[in-house]
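Working notes, beginning with the structure itself.
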Amino acid sequence: MEEQILRLPAEQLFQNEIDALIAAEKHPVPAGWNMSPQSVKTYICGGEVNGTKITPKYIGHERLVEIAISTLVTDRALLLTGEPGTAKSWLSEHLTAAINGCSTKVVQGTAGTTEEQVKYSWNYAMLVAKGPSVEAMLKSPVFNAMETGTIARVEEISRCASEVQDALISLLSEKRISVPELALEVPAKKGFSVIATANTRDKGVNEMSAALKRRFNIVILPAPANLESEMEIVKTRVSQLSENLDLNASLPEEDVIEKVCTIFRELRNGETLDRKQKVKGTSGVLSTAEAISLLCNSMALAGSFGNGIVSDTDLASALQGAVIKDEEKDNMAWKEYLENIMKKRGSEWSGLYMACKDLSGE
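Sequential numbering from 479 applies to the sequence shown in our numbering.
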């Protein structure tokens, strides 16, 4: 059955690692947690326990991971912010998988998210037939987390309307949820918390109020500090993703990953890696997450219409779609990058340059 599921939750994908850490536990475990904060850090950052290799889920500043974990030990909620593609949702999912063994209590923040999706709603057929009752309630992921003493996730909180954000303030302050229709007050059990994520590029969508921000401990996740770190993240995630997808292609070579990360970093930062030449940026984010998607797309092209090895043509096709979001502005910036930067990098880049130039219509 699992083979037919497109994406398994983290606690199922890494069940062996979680079981090994729980079995080897030597430290105090907080109420409602499955393992200690030290073991959660090992699960997130990688290591080894009793011969079981723990793969790193987040490659970056370990101190930030420690701050995030220690926040969840207290009664404060956690807010992970940063540029798109800095692994906010990924870290959020794995924190809840390690702590509770369940990462699926999620509210996805959008312009259409309602207060009922944060608190509760009703099965109206049962409501009309029998009136208000516990059986007729449809509990939100946050409600379920409060009842079970676990952690709920709120993705893209800044995309939620202000009334939805305000609904969270009382929940995080009082640690209880009121159901006036049933004259019921449900207190949160020990272990309850919320991990929210917010995109710093979406600040102007629905700016979080100062009151709501005070309920969170804010951890800013930075973009990878250097090319080597970004390559390591991309390589690890592409390898993991390809195991669950029938791409029929071999993993990209090291130099292919390096080229993609180099292009993304230079267009993102507006200068070449050696800082000797300015580069015109594009309208897209060109995050690490997009680099991962691009390489998976290249593998799909190579596996479906090539020989299973990512070629310059496969890479160029995926690059074209990733870089050019605004046809007029991005097309011009991309052509300038090809002629002023990529063309001058010698024979190692010539194949990719020619493939990109052919696709750009020159």
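Don't be surprised by glycine CBs; every beta carbon is placed ideally from N, CA and C.
Looking only at its chain, what residues have a beta carbon closer than 7 Å to the beta carbon of L542, apart from the 5 residues adjacent to it on each side?
Answer for L542: V697, L699, listed in chain order.
From this set, L484, Q482, E526, which residue's C-alpha is nearest I500's C-alpha?
Of the listed residues, the one whose Cα sits closest to I500 is E526.
What does DSSP give as the partner residue(s) for G560 in the beta ladder?
Answer is N677, bridged to G560.
Check whether the stretch 830-839 touches the stretch 789-803, taking contact to mean three or more Cβ pairs, one atom from each stretch, closer than 8 Å.
Verdict: yes, contact present.
Assuming S581 and T591 form a contact by the criterion Cβ under 8 Å, report the distance between their Cβ atoms to the nearest whole angstrom.
S581 to T591, Cβ: 19 Å. No contact.
Specify the secondary structure class of Q586 as computed by DSSP and reduced to three states.
Three-state result, Q586: strand.
Using 8 Å for Cβ pairs, my map puts T675 next to I537. What's the rounded Cβ distance?
Not quite, the Cβ-Cβ distance comes to about 18 Å (not below 8 Å), so this is no contact.
Could you tell me the boundaries of the alpha helix (DSSP H) in which K608 lies?
Its alpha helix (DSSP H) spans residues 602-608.
Where do the ends of the beta strand (DSSP E) carrying L616 lie?
Per DSSP, L616 belongs to the beta strand (DSSP E) from 615-617.
Taking the straight line between their C-alpha atoms, what separation do you get for L662 and A576?
Taking the straight line joining both Cα atoms gives about 32 Å.
Quick one: what does DSSP say G579 is sitting in, helix, strand or coil?
Correct three-state label for G579: coil.
In this structure, how does DSSP classify R692 when only helix, strand and coil are distinguished?
Helix, per DSSP.
Given a threshold of 16 other Cβ atoms within 10 Å of its Cβ, counted over all protein chains shown, does Q595 qualify as buried or as exposed?
Its Cβ being crowded by 16 or more others within 10 Å, Q595 is buried.
Could you give the DSSP three-state label for S567: helix, strand or coil?
Helix.
Just verifying my parser: in three-state terms, what is the DSSP assignment at G762?
Reduced to three states, the DSSP call for G762 is coil.
Helix, strand or coil for V507 per DSSP?
In this structure, V507 counts as coil in the three-state DSSP scheme.
Keeping to the same chain, check which residues put their C-beta closer than 6 Å to that of P730; ignore five residues upstream and five downstream.
If we look at P730 and ignore the five residues flanking it on each side, its Cβ neighbours are L773, V788.
Would you mind reading off the limits of the alpha helix (DSSP H) that contains A800?
Counting along the chain, the alpha helix (DSSP H) containing A800 begins and ends at 790-801.
If you scan the stretch 676-755 from start to end, which runs of the alpha helix (DSSP H) of 4 or more residues do you find wholly inside it?
The stretch 676-755 contains these whole alpha helix (DSSP H) runs: 688-692, 705-722, 732-747.
Excluding the five sequence neighbours on either side, which residues of its own chain have a C-beta within less than 7 Å of the C-beta of S828, listed in chain order?
Excluding positions up to five away in sequence, the list is empty.
Start and end of the beta strand (DSSP E) containing L662?
662-665 is the span of the beta strand (DSSP E), which, as asked, contains L662.
Is it true that the CB of A727 sits closer than 9 Å to the CB of G784?
Contact: yes.
When the Cα atoms are used, what is the spatial distance from E708 to P702?
Whole-angstrom Cα-Cα distance: 5 Å.
Which residues in the same chain as A623 place their Cβ atom closer than 7 Å to its Cβ, once the five residues preceding and following it in sequence are excluded?
Within the same chain, A623 has close Cβ partners K583, I629, A630, F670.
Could you pull the start and end residues of the beta strand (DSSP E) that I532 belongs to?
Element bounds for I532: 530-532.
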